[in-house]
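If you want my numbering, it's the 1-based position in the sequence shown plus 110. Here a beta-carbon is modelled for each residue, glycine too, at the ideal position from N, C-alpha and C. In this text, all values refer to a predicted model and were calculated from it rather than measured experimentally.
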Amino acid sequence: MSDEVLRGSCLCGAIAYEVRAPFLEFAHCHCSRCRKATGSSHATNLYVSPDRLSWLSGQDAVVRFDLPSARSFATTFCRNCGGPLPHHTRSGRVIVVPAGSLDNVPGLKPRAHIFWRSRAPWTSDAAGLPGFDEYADDWGA
Ligand SMILES: [Zn+2]
Ligand SMILES: [Zn+2]
111 MSDEVLRGSC
121 LCGAIAYEVR
131 APFLEFAHCH
141 CSRCRKATGS
151 SHATNLYVSP
161 DRLSWLSGQD
171 AVVRFDLPSA
181 RSFATTFCRN
191 CGGPLPHHTR
201 SGRVIVVPAG
211 SLDNVPGLKP
221 RAHIFWRSRA
231 PWTSDAAGLP
241 GFDEYADDWG
251 A
């Protein structure tokens, strides 16, 4: 799997990218900011090193929002359709890839629910995955 390449795109298709293995983490995040950013019960994100992301088209339509009140929370989306896209954390050390924007099926599966304590009361069950109050215990990012 170390040579795995995944493609992704936004809702309208104007922006496309690819990410290359190795993938660092794959998790569901239930923090309140991810809920606001996605409009859903949680975000599902894949994490890769910055040199693993390449834009294939439409990069000039990528809009970034850094939440002023947060230490590092940001979101990136298509100017045309609002579809979420990969973005680097403010430290620049890691790229957060919204898994729903992927057009291929990754060779790995999410391994945890993070910020599980912050989940919405109407969240469905954890489907057998471990839940962590914040980041997973051995979280590398
Ligand atoms: Zn778009
Ligand atoms: Zn989150």
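Excluding sequence positions up to five away, which residues of its chain have a Cβ less than 8 Å from the Cβ of residue i?
| i | result |
| --- | --- |
| SER182 | THR199, ARG200 and SER201 |
| PRO220 | PHE136, ALA137, HIS138, THR154, ALA209 and LEU239 |
| VAL204 | LEU134, TYR157, VAL158, SER159, PRO160, HIS198 and ALA251 |
| SER234 | SER151 |
| ARG143 | LEU177, ALA180 and PHE183 |
| CYS122 | CYS188, ASN190, CYS191 and GLY193 |
Classify residue i: buried if its beta carbon has 16 or more other beta carbons within 10 angstroms, exposed otherwise.
| i | result |
| --- | --- |
| PRO240 | exposed |
| PHE225 | buried |
| ARG174 | exposed |
| VAL206 | buried |
| GLY149 | exposed |
| ARG117 | exposed |
I believe residue i touches residue j by the beta-carbon criterion, under 8 Å. Please report the beta-carbon distance rounded to the nearest angstrom.
| i | j | result |
| --- | --- | --- |
| SER179 | GLU128 | The pair is not a contact, with the Cβ atoms about 33 Å apart (cut-off 8 Å). |
| ILE125 | ALA171 | 6 Å |
| ALA237 | ALA222 | Contact doesn't hold; Cβ gap of about 11 Å is too wide. |
| ASP243 | ARG227 | 4 Å |
Excluding the 5 residues flanking residue i on each side, which residues of the same chain have their C-beta closer than 6 Å to its C-beta?
| i | result |
| --- | --- |
| ARG130 | VAL115 and ARG162 |
| LEU177 | PHE183 |
| ARG229 | HIS140 |
| ALA147 | THR185 |
Enumerate in chain order the residues of its own chain whose CB-to-CB distance from residue i is below 7 Å, with the five nearest sequence positions on each side excluded.
| i | result |
| --- | --- |
| CYS120 | CYS188, CYS191, GLY193, LEU195 and SER211 |
| LEU166 | ALA126, TYR127 and GLU128 |
Does the CB of residue i have a neighbour CB from chain B at under 8 Å?
| i | result |
| --- | --- |
| CYS188 | As a matter of chain content, chain B is missing from the structure shown, which is built from one protein chain. |
Look up residue i in the DSSP assignment and give the residues it is bridged to.
| i | result |
| --- | --- |
| ALA222 | ALA137 |
| THR185 | PHE175 |
| LEU239 | Paired residues: none, contrary to the question. |
| VAL206 | TYR157 and HIS197 |
| LEU271 | In this structure the chain extends from 111 to 251, so residue 271 is not present and cannot be described. |
| LEU212 | GLY118 |
Uninterrupted beta strand (DSSP E) stretches inside the segment 127-167 (no shorter than 3 residues): List check, beta strand (DSSP E) in window: 133-139, 153-158 and 163-167.
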